[in-house]
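Novice:
In our numbering, the protein residues as written are 223 to 351.
1. Between residue 305 and residue 342, how many whole angstroms is the CB-CB distance? I'm expecting something under 8 Å.
2. Which stretch, first to last residue, makes up the beta strand (DSSP E) that contains residue 296?
3. Specify the secondary structure class of residue 279 as computed by DSSP and reduced to three states.
4. In terms of alpha-carbon separation, which member of 275, 345 and 279 lies closest to residue 308?
5. Does the distance from the CB of residue 310 to the CB of residue 300 come in under 8 Å?
6. Are residue 280 and residue 266 close, meaning C-beta to C-beta below 8 Å?
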């Protein structure tokens, strides 16, 4: 058995073209076809490295699977449908990171605030009628 050490620096620099899409349902067969011989753990390891390096952002609304996005460095929030789980980006109505100024910080150095709006998407609203 051989062991490889992890590189100390990320193996590339500059813009990283990526398309990250969310699938409404998980299909092991579909995933196996797309991943080929890459293990699911390898995919999660890469996602963790990309998140740690600030290339992508991980969000995880309550009772939802983790979602990854490449829209980082701006002050945007998320809309999540309570019925189907559809997630949309929404720009902050106030401007630059207003939620980072807490009423009381209790000694914390605040560097991020996460706002998630919950509701029902238009498609699910139509289904309920």
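Every residue, glycine too, gets a C-beta built ideally from N, C-alpha and C.
Just so you know, these numbers come straight off a predicted model, no measurement behind them.
Specialist: On the basis of the coordinates in this document:
1. The residue you call residue 305 lines up with position 83 of the chain shown. The residue you call residue 342 lines up with position 120 of the chain shown. Sure, about 6 Å apart at Cβ, within 8 Å.
2. Indexing the chain shown from 1 puts residue 296 at position 74. For residue 296, there is no enclosing beta strand (DSSP E), as DSSP gives it neither H nor E.
3. Walking along the chain shown from the start, residue 279 turns up at place 57. Correct three-state label for residue 279: strand.
4. As a first step, residue 308 is located in the chain shown; it is residue number 86 there, counting from the start. Cα-wise, what sits closest to residue 308 is 345.
5. For the purposes of this step, residue 310 is identified with residue 88 of the chain shown, where counting begins at 1. For the purposes of this step, residue 300 is identified with residue 78 of the chain shown, where counting begins at 1. Going by C-beta atoms, residue 310 is nearer than 8 Å to residue 300.
6. Position 58 of the chain shown, counted from the start, is the residue given in the question as residue 280. Position 44 of the chain shown, counted from the start, is the residue given in the question as residue 266. No, Cβ-Cβ distance for residue 280 and residue 266 is not below 8 Å.
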